[in-house]
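Asker:
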DNA sequence: GCTAGATTGTACCCGTCAGTACAATCCGTC
DNA sequence: GACGGATTGTACTGACGGGTACAATCTAGC
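Protein chains in written order, with the UniProt record's numbering: chain A, 1 to 219; chain B, 1 to 219.
Pasting the structure below:
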C-alpha cells in the first residue's frame, strides 16, 4: 500500500526503481520456485509489469539477476531478524526467545530458504561473490556471542561456548524444518507440520539448544 | 573389483544390467551435481561407457532416469544404515551410537544429500511417486522406536517420546551439516568443517539429542 | 521546443538439448 | 545357419530459451 504510493511518485510511464523492485520480487519467487536453470527469464518477465527487455537492461544477464535476487532475499530476512532486541533479557530468556524466533522466522520466509538451498546446490558461487551479505551475517553471530558471554559471566552457561557452533545448531533445525518439509512429509506423514506438530518441534528445538548452552547439573 | 567381475559375466559387448548400473551411477553424480534441469542428458551419457541412445532405451526419458537415480541413491544409503545393529546395546548407548553414525553417514554420502535437496526443491514430486522408498524409511523409524520403548521401560527416557520427532531432530543436524556447508562456510568460515570442527558438532548434536530423550533430573 | 541520455517495445537470432528415425548388430534358440 | 527379439550407433529434428538489434519514446535541462 504505502509502497505502491511511493513507487508511483515519479511518473506513470517511467519509474526505474519501481521497475527494478518489481523485477527483483518476481525473480526471487521464480528462482525460489524453480531453481537457477529451472527458472526461465521469460517466465520472470511474465510475472512483471514490464518486459524481458528491461531485465537485461537493468541486470545484464540471468546470472546478474540471480545474484541480486539472492542479495535481496538475504537482506529481507536479516532485516527482520535485526528487529529482535534481546539485550535487555536475561541470557536464558534471550536464548530461548532467539531460538523460537528463528524457528518461526525461517518458517515464514520459505522463499529465502529455497534461495539458500539453490545456492548450496551451486556451491555458493554467487554468495561468495557478494561481500554485502557476509556483513549481515556477522551481525547475527555477534548478537549470539553477546548472549553467550553474559550467560557465562552469570555462571549459568558453560564456559567456552562457541557462538558459531551454537548458531549452526539453531540454523540446522530451523532451516531443515522448511527445506526438507516436502520429502519429510512424504516419507513420514505431515503431522509434524501441523500447528501442533510445529509447536512440538519448536519447543523440542529450544530444549535441545538450551541443553547445549547450560552448565551441566552437578552429578 | 568384485562388481566389475560380476558385470563381465555375460559378454563383453552386451551387458544390460551392467549398462543400467553404469548409467544410473553417472546419473546420480550428474543430477546431484547440477540439479534436475541443470543436468544434461548428453553430459550424463558422456560419463558413461555407453551412449545417450541407451539412456532412452532403458529409462524412457529424463524424468524416468531421474526417478530411478533418486531411488538408487536412497537405496544405497538406507542399505548402509541397515547394517547398524543396535538391538544389543542399552538404550542410551544405542541412541548415542545411532546419532553419531547418522552424522557420519550423511557426511560420507553427499550425493545422496544433494539428491534429496533437489527433490525438495521440486516438492518431492518424484519421491511421492515411488512407494519403494517409503518402506525403506519406515524401517528407520521402527529402529528408533524400539530404542525409545526400551529407554522408557528402563526409566531413563522420558515418557511419550515421539520417534518421528526425534528422527526429525537427528536428520536436521546431520543433513544440514552437508547440505548447507557451502553457504555456511562462505558466511562463517570453514573451521566448522575441519576434522576438529566436525568432531565438535557431532558431539554437540549427540548431546542435544540425548537431552531431548532423557528424563529430566529431579529439580 | 530541442538535444542528449535514459528507458522501453518488437521482433528476431542462434545455440543448446530432449528426444527420435532408422538401420545395424548381437545372441540365444531351434 | 537362420530367425527373432534384444540391444546399440549415427545422424538428425524441433522446440525452447538466453540474449540482442534497432528503432522508438520518454524526461530533464537548456
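Note that the Cβ used here is the ideal one computed from N, Cα and C, for glycine as well.
Could you check what DSSP says for residue 52 of chain A in three-state terms: helix, strand or coil?
Answerer: Numbered from its first residue, the first chain carries residue 52 of chain A at position 52. Reduced to three states, the DSSP call for residue 52 of chain A is helix.
Asker: Does the Cβ of residue 91 of chain A have 16 or more other Cβ atoms within 10 Å, making it buried, or fewer, making it exposed?
Answerer: As a first step, residue 91 of chain A must be located in the first chain, where it is residue number 91. It counts as buried.
Asker: Quick check: is the beta carbon of residue 183 of chain B nearer than 7 Å to any beta carbon in chain A?
Answerer: Mapped onto the second chain, residue 183 of chain B falls at position 183. Closer than 7 Å to some Cβ of chain A, the Cβ of residue 183 of chain B qualifies, so yes.
Asker: With C-beta atoms as the reference, is residue 100 of chain A less than 7 Å away from residue 157 of chain A?
Answerer: Taking the first residue of the first chain as position 1, residue 100 of chain A is located at position 100. Taking the first residue of the first chain as position 1, residue 157 of chain A is located at position 157. No.
Asker: Measure from the C-beta of residue 147 of chain A to each C-beta in chain B and report whether the shortest distance is under 7 Å.
Answerer: Position 147 of the first chain, counted from the first residue, corresponds to residue 147 of chain A. No, no contact with chain B.
Asker: For residue 201 of chain A, is the classification buried or exposed, using 16 other Cβ atoms within 10 angstroms of its Cβ as the cut-off for buried?
Answerer: Here residue 201 of chain A refers to the residue found at position 201 of the first chain. So residue 201 of chain A counts as buried.
Asker: Give the secondary structure of residue 97 of chain B by DSSP, where H, G and I count as helix, E and B as strand, and everything else as coil.
Answerer: Counted from its first residue, the second chain places residue 97 of chain B at position 97. Note: residue 97 of chain B maps to helix in three-state DSSP.
Asker: Measure the CB-CB distance between residue 147 of chain A and residue 196 of chain A and report whether it falls below 7 Å.
Answerer: Mapped onto the first chain, residue 147 of chain A falls at position 147. Mapped onto the first chain, residue 196 of chain A falls at position 196. Not a contact, by the Cβ cut-off of 7 Å.
Asker: What's the gap between the Cα of residue 115 of chain A and the Cα of residue 117 of chain B?
Answerer: For the purposes of this step, residue 115 of chain A is taken as the residue at position 115 of the first chain. For the purposes of this step, residue 117 of chain B is taken as the residue at position 117 of the second chain. Looking at the two C-alpha atoms, the distance is approximately 12 Å.
Asker: Short of 6 Å in beta carbon distance, which residues of its chain neighbour residue 44 of chain B, apart from the five on each side in sequence? Order them along the chain.
Answerer: Your numbering for residue 44 of chain B matches position 44 in the second chain. Within the same chain, residue 44 of chain B has close Cβ partners 26, 27 and 30.
Asker: Is the closest heavy atom of the ligand COA to the C-beta of residue 213 of chain B under 6 Å?
Answerer: No copy of the ligand COA occurs in the structure displayed, which carries no ligand at all.
Asker: Taking Cβ positions only, does residue 159 of chain A come closer than 7 Å to chain B?
Answerer: Taking the first residue of the first chain as position 1, residue 159 of chain A is located at position 159. For residue 159 of chain A, the answer is no, since every Cβ of chain B falls outside 7 Å of its Cβ.
Asker: Rounded to a whole number of angstroms, what is the C-alpha to C-alpha distance between residue 58 of chain B and residue 167 of chain A?
Answerer: To locate residue 58 of chain B, count along the second chain from 1; it is residue 58. To locate residue 167 of chain A, count along the first chain from 1; it is residue 167. Cα to Cα, the separation comes out at about 46 Å.
Asker: In angstroms, rounded to a whole number, what distance separates the CA positions of residue 55 of chain B and residue 133 of chain A?
Answerer: Position 55 of the second chain, counting from 1, holds the residue named residue 55 of chain B. Position 133 of the first chain, counting from 1, holds the residue named residue 133 of chain A. Rounded to whole angstroms, residue 55 of chain B to residue 133 of chain A spans 42 Å at the Cα level.
Asker: At what residues does the alpha helix (DSSP H) containing residue 26 of chain B begin and finish?
Answerer: Within the second chain, the letter at position 26 stands for residue 26 of chain B. Where residue 26 of chain B is concerned, the enclosing alpha helix (DSSP H) stretches over 16-34.
Asker: State the beta-bridge partners of residue 157 of chain A as determined by DSSP.
Answerer: On the first chain, position 157 is the one that residue 157 of chain A refers to. Looking at the DSSP assignment, residue 157 of chain A forms a beta bridge with A:214.
Asker: Under 9 Å Cβ-Cβ, which residues of chain A neighbour residue 109 of chain B?
Answerer: Your numbering for residue 109 of chain B matches position 109 in the second chain. Within chain A, no residue comes near residue 109 of chain B; the closest Cβ sits about 15 Å away, beyond 9 Å.
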